[in-house]
Structure formats: C-alpha cells, structure tokens
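Student: Attaching a single structure in structure tokens format; questions to follow.
Now the structure itself:
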C-alpha cells in the first residue's frame, strides 16, 4: 500500500508530484531549518484515489490521516478539541503545478463552541478568538458545505449596521460573538443540522472539500488554459495555525526576491500589520511595502531578508514567498518560483547567469516560451485594462491587443480603413475572401471556429490579434450588428477592444502599448540558438510575413500556401475563369494569365529568404472556396464570363461538396487538373532560376498536399518533374529542386514507406491529420466541445494541441516507415502545432529536421527547441 | 537475370503467375502428351519489366526471344520468312487470371509477300494463303499499329461488291489477292510506310502490342470489376499455327466437359468445319453441336472426348477447351477451368464430390462466393437481355434485375406503388427520408454516390436492385425527367430496367426471372458451415430484414442501425420535436413518446433472432439529417411545433455543418444529449427483459458509435450502465448485456488498448474508417474517381473494397492493442466490407469472432468464411 500522508520533515522539493508544489516546498524549507509552522501533507495520490473510489475517502486513508494526526498532536503538544491547549490548523490545497486561487483553503480549523472560549483565555483576546471562529465557520460552510459566502457577509453587515460601525475591525468581542451565533443559526437553517463541533469531522470534511475543489469549474478552466492534466490531482496541506492578527507585533505579507514586473534584483512585496492572509487579498486596508518592514520590525525584516536570499540561492530562481509574523516571530508559509512578466523573465534569466547562480541551459529552461507572445504583440495598458468592461469571451486565437470600430464585412472594413479608421473585423467565420479585410483590421473577432479556424490561422500568420469562436455573441452579419449575452447591441461603427491573449472582448477603446524587444530578449534568443538542434522555419505566404519571420529568426519557409495568392483582386478573376472553364484549353488560357503573377510571388519570397530553403505547397483548398457566393458577385462574374447567372450558379452548385474537407482538394486537384500543378511548378522553377541568375542559390522545395496513396504521389511528382525538367532543359539553366509531400492523411502516415520512395521530404500537416485522426472537423467541433469540457471528456480542444497518444502515434509510425524506405528523408512539421512548445518537444524526440510556424511564433519555437535539446541531454 | 522466355515443354500448370493461365495450361497439356501445337511463352515478368522500362523491350529480353525463336525454328523444322518451309505463328495474350476477350491476338504471323506464295504452293491452296495473309494484315494493323479494323472491312466490302458476292467464302484466290493488295495500300496510306515484311519485326511488334493491350481501356475496366491488380501483367504465347480452314477435313471448336449453364455432366460445345477461331466468334455461319462431330469425324470426336475426360480428371474441374482440326488431325489450343453460372457451379461442385473426384474442401474452394448473388436475386431473361437497349451504365451497387416506371420523388413513388404500378425510384442521391419510396420500388437508380452511398447500402440491406452513381444521366429531380448521354429524355412514368449486378440501365421493360435456390445450394452451405470458424451475422434494422437473414443462415445481428427506425411516419414527428427542442425537458418529453415504439422495435428483432446475439448501435447520424428540407415540409413542421417557418429554418440552419461526417454525430450525440442514449438503452433493456420473460435468453449488445477517445467511451458507457442497472434494480429482472464500441475512427484504432478497457467488444465500422483513413468522403469521391482510374492511380473505389495496406494496418493495430488490454475481447466487422470475400479472409486472419453483412450477403459470407478457414489450414 502506498503511503498517503507525509510529515513535512519526511518530504523535500523533489517530491512535488506526490506532495504538490506547496507541500514539497514547505517540506524543503523545513529541511533547511527555516521557521515553518509544523504540518503534514495528504498526497496527490490520495486525491486520485478519492476519484477512483467514486469520490470517497478509503478507510485506510482515513486511518492513516488520523494516525498522523495523533502523532502530530504529540509533536506539537496540542490536541484537537482541548480548550486548554487546542490544536488549530489550516487546510490548503497544493497541486503539482501552481494554480493560484483556483482551489480552496480553510483556516482556523479545530475551533468549536468550547475551544473558542479556551482560545480566548489562552490568547487573552476574546475578540480574536471569536473573530477566528466566525472566519472558520464562514470558510468551512462556503468551501465544505456549499453555503454561499454572501449569506454570511449579509449577517456580518447586519451586525455592523446594528452597531453603527463600518469596518470589521470596529466590532468588539461581543459583537463578534453575535456574528458567530448568527453564522451558526444560518448554517443550521441552510443545512438542517448544527455546525459540526468535532474537529476530526471538520478535518476529514475539509480534506474532501479540497479534493473536490480540484474539479470545480474554475480549476477545470484554469487547467484547460494551462495544459494541466486533470489526472494529477491535488495534495492537501494540514498545518498548525499561526496568527498574524494577534496585535501590532503580528502581521502577514507576500514578497518576491526580485521585481516580478521588471525583474529588478531587489526584494519586492507588501505586508499588513495585525492581519490574516485573507485581509491582504481582500484589499480593505492598504498594505505597506516590504521596505517599510525594516522600519517597523528591523529584526524580523533582517531575518526575512536573509531567508529570501537563502531561498533564492537554494532554488536558484526568483522566489514568491508568503509569511506571517505572530507576536514578533516570523513564520514562512510558502515559497515557490515566482510568476513574472515576460520582460522580467528575460531579465532575471540573464541576471542569474551573470550573477553566476545558474548556467545558460538552466536560464533557458526557466522561461515559458508561451510568455514570449507578450513581448511580440501589443498589450493593453494595465491600468486601462483594470477599468475595461468585458462584454464576452471567446478563444484566445491570436495574441495581442487591439481596439477599433466594428465592421461586419471585409469590403466595408477596407473602405473604413482607407478613410483612416481603426477597424475590428467581426464575422461569423472568415473565409479566404476576407483576407483583404483581415489585413487592414486591427483585430478579428469571429463567432464560430476554434483555435485552428481560418481566422485564427491567418491572424496568427499576420501577427494580428484574433478572438475566435465567441459563440456567446449573436452576430448578425447581414444586419450589421451583434448582441451580447446580456442583450446589449453593438452596431457597425461602435468601438470595441479585443485581447487575443485572453480571449476577452471589451466595450469601447482600451488603450494599448506597443511591443518592445529588450537586449535581454536578444541574449536569450542567441543562447537558444546555441543549444537547439531543430531548425525553425516559418509558414509565410507573403513577402511581408516572410520578412517579419526572418527578422524574428526564421531559417526558411516550411509552408507557403499558394492559395492565398489567388485571392489578390487582380488574379481572382482569372482564377475563377479557370475554375468554371469546361475545357482544358480554356483552363490553360486562364492559368497563362496567372503564371507571371505567381512567378513574381515566388521571386519575391525567394529574394527575401536569401537562399534559405523555401517549401511551396501546391494549391490545396477545394475550388468552390474561390467562387463567389453572393448573388451580386455571381452576376458580375457571370457577365464577365458570358454566362447567365443561372448557369454560373449551376456550376457553383455542381462544385458543392458534402464533406469538402475530405473531398476534391489537395493533390486531387493536381490529378484532375494537371495544368494547375504544371503552371505552379513552372512559376516556382522560373522564379528560382531568375533569382539564382542574380547570384542567389535557392533550392525550392515543392510540396504535394493531401497525399493518401503512393501511386497518387508518384503521378503528381511526375507532373512536377516533367514540367521542371522541360523548363531546365529548354532554358539550359541549372537548378536543384526537391519534391516532397505533406503527411496529413492517416493513410499517408500508415503507408509512409511506400510514400517515402517518391518524397524527398515529409512535412506533417498536423491540422488536417488531427482532424482526420479524430474524425472531428474543427469547423464543426465548436458545438460539442463545451459539453466535452464540462463532462471532463476532453481537457482541451484536440485540434488545438498535438495529441501525442493518437496523432503522435501516427507521426511515429510515419517517421519510422519513412526512414526505413529513405534513411535521409527530411522531416518537418508545418501544422499550427509547429509553434507549440509541447509539440516541438515531440518533434525533437522524433528527430525531425525542422518545425515551421507562423512568423510571430518563431522566437517561441527557437526557445522551445532549445529547451527540448537541453531536456533530452 | 530472370528467365523471360519458356518453351511449352519447360512449364507446367503451377507456373500460372509467371506464364499466365493459357501458357501454363498449354505447357501442362504438352507435358501430358496431348496434341498441342508447339510454342513458347514470354513471361508476365517480361511484361512488368516492359512497363518498368517505360514501355520498351529491354535488349536482353529481345535477345532471349530471338534465341528461343532460333531454337524453335530448329525444333519445328520451319523458318521465319522461308517461302519453301515458312514458320507461321499465333501470338496470344495470357494473364494470370482469365480475362476473356480483353486483350489482343494476332494469327498467321510470319506471312509476307514472298511467304504467302510459298504457302500457296505448299498447301496447294492459293485462296487459303491469301485469305490467311489478309487476315494477318488486318489483325496486325489493328492490334499492333492501331489502324482501325473498320477501314479494312470497307476494303473487303468493296471487293465483294465489285465481284457481286455477299460472303467472304465466295471470294476466290484472285479476289483475296486483290484484298491483300488493297489492305497493303491502305496500310501504306495510313502509316506512311509499307507493311512490315520481316517476320522478326512482326513478332517483336506483336509481343509489344500484347503487352500494351494489358493497359487498354477495356482491360483496365475488366480488372477493376474483377479485382485484378494492374501489376500482374500478361504473358505472351507464341505458337505454331494450325489451320482449321484447310477444307472439309479441317475445323475448329470450343467445348466444355460439363454444361456451363446447368452443370449437367455431358460434353457441351460447338464447332465449325473449314473455319478459323475468329469465324466461330463472328457468328456468320451457324456452328454444329459437339455431338455432331461424332457423326462427321468419329475418330476425332473419340480422341477429343478422351482428352476432355482426361483433362477434367487431371484438373479436377470442369474444363473449357478450344481445339482445331487440321486436315483430320486434332490440336488442343487451350484448356482452362470453365466459367459457369452460379447454378452450374453448385451442381458441378456437388457432383464432383459425389463422383469422388474432389473432397468437400476442394468443392467449396471452386465456387466464387460473389456468384451466389445471382442465385439470390432476380435476373433478366437471357434472351430478352440480348435485345435490351442499354441507355447508361452506373455502378453495380446492389445486385438483381428490375423494371418499372420512373419516379423522381419517394412520395410519388409510394403513391404509384399503391396504385399497383411497378416503380423504379430515380434520385440524384437518396437520403433517409426516401426510405419509404425505396421500400416500395423495384429498383433504385441514383446519379451520384458510390458503392457505399446511402442508396447502395440501404438497397443491399433490402436485397433490392440498385444502380448508383450513374453520372452520365442528367437527372432533374424537380422537373421530373432525366436525359441520357445521347440526349434522349425519360419522363416520370416511362419504363426503364436496371441491372444491379452489372450497373446497366435499359430502356423499356426487360422481363426478369425470379431467383430459386436448389438443393445443391443447401448442400454447399451446409458444407461451408462445417468448415468455417467465423460466425456470420447480419446488418438488419427491421424484422423483415432480420427474418430474411436468419433464413439465409445469419447467426445474429452484428449491426442494427436505430436511425432508420426514426423515419417511420408515426415517429419522425416526435423525433423532430426532440431535435428542435431547446430544453432537456422538452427533449425528454418527445423521447418519452418514442420509447414505446422503439421498445417494440427491439422486441420484434429479439423475437425473430430467437436468442441469437443482437448488436444495437445507438443513434449515429447528425441530427439535421432528420429535419425536413423542403419549404412545405418546414412549414408543416413549424405549424405543428408552434414555431414560425423562419424560426424553424433558423434552427435547421444552426444545425448545418461544414463537414457533417466529422461533426456532431455518433456518440457525440450521446454526450451532448444523454437523454437520447438513455431512452434507447431503456428501450433495449426493457425489450430484452420482456422477451426473456417469455422464455427467450437474449443477451443484447449495446454498441457505441464513433468513439475517438477512451474518456468519451467511458462516459457514454456509464450512461448506459446506469440506465440499464437502474431498470434492472427497479424491476428485479435479471439480464446480462454487453456494451462495446465501433472502431471507425483512426484514433480509436490507434488507442484501442485504452478503448478496450471499457468495451466488451469492438465492431470495425470499415465504411467510415476507410473514409477517414483516406481523407476521402464517399459522397464526394465520385467526382475524382474516374480520373484516378484513368490515370491508373486507383484500380478500384477505395471505399468499396477493404484497403489492406492502410485501413488493414489500422485494424491490425487495433486488434493487437485491444487484445493486449482485454484478451477475451469480441471482435467483428459490420462495415459494408463484412460481406466482401477478400475482406472476410482478412478478418479470418485477424482472428475475428464474426463478420456482419446485409442479409442477402449472408450466404456469400458463409462460403467466403469457409474458404478462408480452408485456405489457412
């Protein structure tokens, strides 16, 4: 049988998984000889066992807790329920990962009608004793018994009103006693039985409540946002109470060893005299800065300062500490590596290396790559943000902050932008036709679609803020308004603000601050480049995106989606002509018009990439995506094509597909319309020859999308090779080029040995691969995901994060088979996951050559790749 | 280096893969000492090499052919091009599998302007010599040089006209010489060079032409229809010519050792005096029956009869033989196992066992399971079929023959049927709403959709003839007509006939014959049951289907699709109420109405299955499939629901999905609307308890569709178990039931170990699994498949036949992982592939417990399962 309960003295910091972060650090501090109130820890395994046992505490675990309690009473020399010498404890959650404020805490446990009197005598402070009791009753009732906190506040307010006072501190002992009576009466009224007087019962119920709080709604949401598995569970820390509210020689506070906003190397924090922790949080009294403690209690300050330095040196990282001073004696209640802003993270990491405390590898591992987003995108001014009014929340699809006037139509948005307005484009969902409007917008808000919807992908590519899938808004595109959940209507031209990092939508203009990159950022990136082995490429379709990516450190283009190029106003028409043409000849004529523009696209990309590898994917989406949908647009196109609107509508209808994602797209287009692939190949080869004639040495990589069968790849490859070789033969130019394929269909992964025979490289298209592997379309998943979250079936959007169990297994199979058939095959990933740190770690493990991600994710990928390399040493 | 050319005397019947069927049998007959004209074979490997070498004959192969030729000339004692003693040969294709008439033949090769004169002298028959030469020129020009045959026929007709004769046989030697001159002039005119005079050139070109003919269009189509891989290639047989057209002591014929239509054990065939093989085929003269040969040439007949018996005994099967008599001497030109009707196949197999020639296992292996279709479904009267006019060809989606009046709307079809009309339902594609119309129709014809489209699947389930995906018809449902490729218009009420076995659509009424099952069929089925280890279940949703399946030998229901049950007119309304309900309460109220009907459904099924296992799948399709699409229907429903048509339209729109196949369906419905799964579970459990109370012992198997994740399965299973156990507890009834899942999503296969922990059984849903694995929607595949066939990327519809390479690998993975986690897990297949012999063999290999198929496929599956068991011994 595993051991479910540990004394602080039995643990240490390395036991975080078992004891939770708080418990492990309390144990560590105990081991270091620091002043920590004594206590014990019920493990995370007890929590998972609790859920396995259908939310009940197994008898052997209860036994172990009470055995420990008896031992603990002996050690402390106090006893539960003994009015002469009562043991009072706090019960706090503490999971493996820090989840601040997400779970519940109970203080002053052990008090009852008898003990409270004893405590009053012992402390010679009746008010304190009853104040502690009423706090305990309220906390226990709220957290353990689900009696709403506000009911207790109402009672407290009633007593204050009856005595004509405003502050809790103005209530005397008798008043507090009345509060206790009222609380108990309320409890009896709501629960139908008296407030439990047995401290052992209080304890077990509180431990259960902490376990239960692991699955409360805010904990679940927090975990989903932070990729914390639900299976981890939380530990429970039971600790002797110490009191910061025992008069002016007592107090409580929080401090960081360095400034968590700026990283400055100086003790930073605040404290309150004569208060408990919750008073600091409540914010009723204004705390003093930690510097002021030096004046108030110089000895305590000195002791604390020494401990702070000791802890930082011990943990080799900036510490976030909680402490209580009870009648002049300092107690450490918590230490942990402190959360910090991205800028602070950079500075602290660099400083710690310069101070010789850690080496570069350690420094790199200390920075959460996802934090870099905040350095690369505008953010709201913190003060303004505090006052901003959130009106809805969607998915944080592309980071950054923006404000502007609402427009519901890409063309209207473009016109407004041309008039000089700042614009937020609001759509139910975006399609490639909206590109221009997205481009001019400050930010994009959509009602449907997930983290990998069109809007999200394109916005991330543009480095533009986007909130997607904001289903609580009722968006009426045609009627040009949206309505919030509370019924407020926003019309075209109204101001809103978007936070793409959190998913919040705000009313009005919330001022933003531009991103700035510090020297520390450059230092960290340089260190990352020293250690990583994965190359970092970017997904870029335009010269602007590519240039941005190069600036941020990209070493090539891993995915150029050529389809976006066809939406440029000057070529969409020719392209539509191509699509509706009935004969190959007419299609070729239309493609002939596009060829020079497409060639110019590639020349631009090759030039900006200065000889770095550029992977260009042949046309991928179903052709109907390029055709107009609105009546007036259809009419316009029909006129230009000498067709009736009816005929054109019929053609558009004939292109309709029931499941377009699994339909006529990808290399299936190249098979049915070889002339498209030929034109694109020609454009690529001619562009490469042209720039190479100007002294560059481009080796273009032509990528075939949506391969599902080796024979299909062989055919399309032969088209490409024949076209390319004919051009090279005819012009006498010399050029090396490569032909490879996306692996984005399960069958391609399963038959990767056959596929590899005709592929110089594989690029894993994990967006589609994930959808096909799950049989779940990201465009339709929105409707079910909320239910899947609330029923704890999924912890996060499976299309947003690389699923190592299923999709990862396919990637492993494909990697193994591909290398079997072609040991030197080049492997990369170009799905959205290419910019996700956990996916990057997996790609590193698989031994990929590169990951490719949107330009603004390049720094994140560089850091994540370095971390993967360091971790796998 | 492999050997590419074999003498007949170097081969035998076991070398079929290398020498082709014809060549291997010629070699075998040579070995048996039978009178076979001498010859040699260029192997199938030479053919595949030809394609590897970009359609050219490698020098070493040409060398080997000419070395063999020199040796052959020595053996035969005749020489190519020697007018005194010319070697003349036939060149015939011969692939591993018989592909009658699919490839090309050249006779009389070796003739030229000089040799023809020598032949005239040698045979003392100038007319014969020139007739042979002109035949050779025409064949060679057509087959090798692609000069159209009809041009030669025109020349022949001109000569006949100029001489005032009607029959070829009326032309004399001079006239034939003129024909030769005209043919040569025509050749020169078309090709720009003279007809080749060098027999060695003639030979090599002819061999190449046979290789090329392997990939002519009709060969490709034949292979696709018969599942013959394109990679096999054809061998080429070069054989000394013998002549049946050398006067009245010569002749040629074809015969079977038993009657191929009835199986009767009696020589069956026909011959022509003074003729070559092609004359028999041309059908200008009426042949005599083989019996009459006894009168005309009694010695030859006796010799042939002896040989026939010898061959049948040697091959232990009915033989199909070709022979030629040259001046009284019999030559065997071919023998092979004869094609036969399904009825004949049964009788011959049973007779051969009774005659002691073969054992039961061998008998079972001799029958092609697919042939059984013909015994189970109506067929056209053969005579009537010969005169029928095909107007289009679609996919042979569900076997059988039918005629009736065309209706384009399920309701119209139903009304017409009620008036007593025989009806053919013609739709662009069918949906569940058409069920009633499909039910009353004689046959179903659709313009879109493949072998696994809704129409195809449902029709097969009903045992009803269906031609699907007939894209050459322009079907105008609303306007109630269709137009054929040649512009003929068919209106509502016009008569057409369908052959679901071939895919042909005919104009007018083609009379049909009902299916009858012989005693031989029962014998064969009983033998099959002795040997097979796989259980055979059926996919059945109705009592009628289930009863039919039991009659045909089904041992359980492997898939009951509950969705079809909801389309019954008396419940679709309640179900639609459920779908559009906004609150769980309203949904539950609507479901409450459906419960008793659903329970009655299951009682019916359980009763007809008499205690055999019944697997019931929870509701699977997206809910919007159940909602009305037409304005008037929407109005009707809206009125009944107290909604405006606009509101209802909005609800229907909100249920619209972009990729419904990967959307809100399957167990995702059970997660979002648990009340549906609960109602269905209740209906199943209550039904099982009810029938068991009447003395049955049903163990229902509840199947969860579309699982992609273990947690999802766990949740839905818990719903089912809680509902079921509550009922059992409350009623005090005892019942064993099982809960399992479909494996139809790649991720379910990849994580089958986790999935198996909560599944009593896996049922592979290979329809969806194939589509997801390929990323190819069967509903949309039609548009690309023709191109994929013509470009030889796919040889057949990947969704119609189990893909062992990709999908099979997933099935293997799932089987292995599932058994790891749960060694006794029950495994079955319920996709359409469950009735396909090659898929059944694969399921047998994987050690499945059962396959499940549509009722009319049960006998096929029984036989195929027996064959798998016998083959794997």
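Protein chains in written order, with the working numbering: chain A, 14 to 886; chain B, 14 to 886.
We treat Cβ as the ideally placed atom computed from N, Cα and C, and that holds for glycine.
Keep in mind it's a predicted model, so treat the numbers as computed, not measured.
1. Taking Cβ-Cβ distances shorter than 9 Å, what residues in chain B pair up with residue 721 (chain A)?
2. For residue 800 (chain B), would you say it is in contact with chain A, using Cβ-to-Cβ distances shorter than 8 Å as the test?
3. Tell me which same chain residues have a C-beta within less than 7 Å of the C-beta of residue 531 (chain A), skipping the five on either side of it?
4. Looking only at C-alpha atoms, which of B:399, B:549, B:761 sits nearest to residue 784 (chain A)?
5. Compute the beta-carbon to beta-carbon distance between residue 560 (chain A) and residue 619 (chain A), rounded to the nearest angstrom, for a pair I have assumed lies under 8 Å.
6. Using a C-beta to C-beta distance shorter than 7 Å, which residues of chain B count as neighbours of residue 1 (chain A)?
7. Less than 6 Å between C-beta atoms, sequence neighbours within five positions excluded: which residues of the same chain meet that for residue 197 (chain A)?
8. Pick helix, strand or coil for residue 722 (chain A), following the three-state DSSP scheme.
9. Counting only runs of 3+ residues fully inside the segment 341 to 399 of chain A, write out the beta strand (DSSP E) ranges in chain order.
10. Taking Cβ-Cβ distances shorter than 8 Å, what residues in chain B pair up with residue 724 (chain A)?
11. Compare the C-beta of residue 672 (chain A) against all C-beta atoms of chain B and say whether one is closer than 8 Å.
12. By alpha-carbon positions, which one of B:838, B:839, B:881, B:829 ends up nearest to residue 852 (chain B)?
13. For residue 823 (chain A), return the contacting residues in chain B, with the cut-off set at a CB-CB distance below 7 Å.
14. Please determine, among A:521, A:656, A:477, A:592, the residue with the shortest C-alpha to C-alpha distance to residue 870 (chain A).
15. Roughly how many angstroms lie between the CA atoms of residue 658 (chain A) and residue 592 (chain A), to the nearest whole one?
16. Going by C-alpha distance, which of A:158, A:235, A:472, A:536 is nearest residue 558 (chain A)?
17. Can we say the segment 312 to 323 of chain B touches the segment 399 to 412 of chain B, given the rule of at least three CB pairs closer than 8 Å?
18. At a CB-CB cut-off below 7 Å, which residues of chain A make contact with residue 681 (chain B)?
19. Rounded to whole angstroms, what is the Cα-Cα separation between residue 330 (chain B) and residue 878 (chain B)?
20. What number of angstroms, rounded off, separates the C-alpha of residue 437 (chain A) from the C-alpha of residue 614 (chain B)?
21. Return no unless some Cβ of chain A is closer than 8 Å to the Cβ of residue 677 (chain B).
22. Which residues in the same chain as residue 435 (chain A) place their Cβ atom closer than 7 Å to its Cβ, once the five residues preceding and following it in sequence are excluded?
23. For the segment 108 to 138 of chain B, enumerate the residues whose C-beta is nearer than 7 Å to any C-beta of chain A, in chain order.
24. Check whether chain B comes within 8 Å of residue 64 (chain A), counting only Cβ atoms and requiring the distance to be less than that.
25. Of the choices B:493, B:469, B:489, B:494, whose alpha-carbon is the least far from that of residue 482 (chain B)?
26. Between residue 570 (chain A) and residue 525 (chain A), is the Cβ-Cβ spacing less than 8 Å?
27. If contact means a Cβ-Cβ distance below 8 Å, which residues of the segment 684 to 703 of chain B contact chain A?
28. Are residue 723 (chain B) and residue 771 (chain B) touching if we call contact CB-CB under 8 Å?
29. List the endpoints of the continuous beta strand (DSSP E) containing residue 839 (chain B).
30. Quick one: list the residues of chain A neighbouring residue 728 (chain B), beta-carbon separation under 7 Å, in chain order.
31. Give a yes or no on whether 8 Å exceeds the smallest Cβ distance from residue 793 (chain A) to chain B.
32. Rank A:403, A:414, A:445, A:457 by C-alpha distance to the C-alpha of residue 426 (chain A) and give the top, closest one.
33. Quick check: what's the CA-CA separation for residue 89 (chain A) versus residue 34 (chain A)?
34. Please determine, among A:342, A:194, A:77, the residue with the shortest C-alpha to C-alpha distance to residue 262 (chain A).
35. By DSSP, does residue 815 (chain A) sit in helix, in strand, or in coil?
Tutor: On the basis of the supplied data:
1. 786, 787, 788, 789, 811, 819
2. yes
3. 356, 359
4. B:761
5. The Cβ separation is near 13 Å, so there is no contact.
6. In the structure as shown, chain A starts at 14 and stops at 886, and residue 1 (chain A) therefore has no counterpart that could be examined.
7. 208
8. coil
9. 342 to 350
10. 805, 806, 807
11. yes
12. B:881
13. 763
14. A:477
15. 15 Å
16. A:472
17. no
18. 797
19. 22 Å
20. 55 Å
21. yes
22. 416, 417, 418, 455
23. none
24. no
25. B:469
26. no
27. 684, 685
28. yes
29. 839 to 842
30. 804, 806
31. yes
32. A:457
33. 24 Å
34. A:342
35. coil
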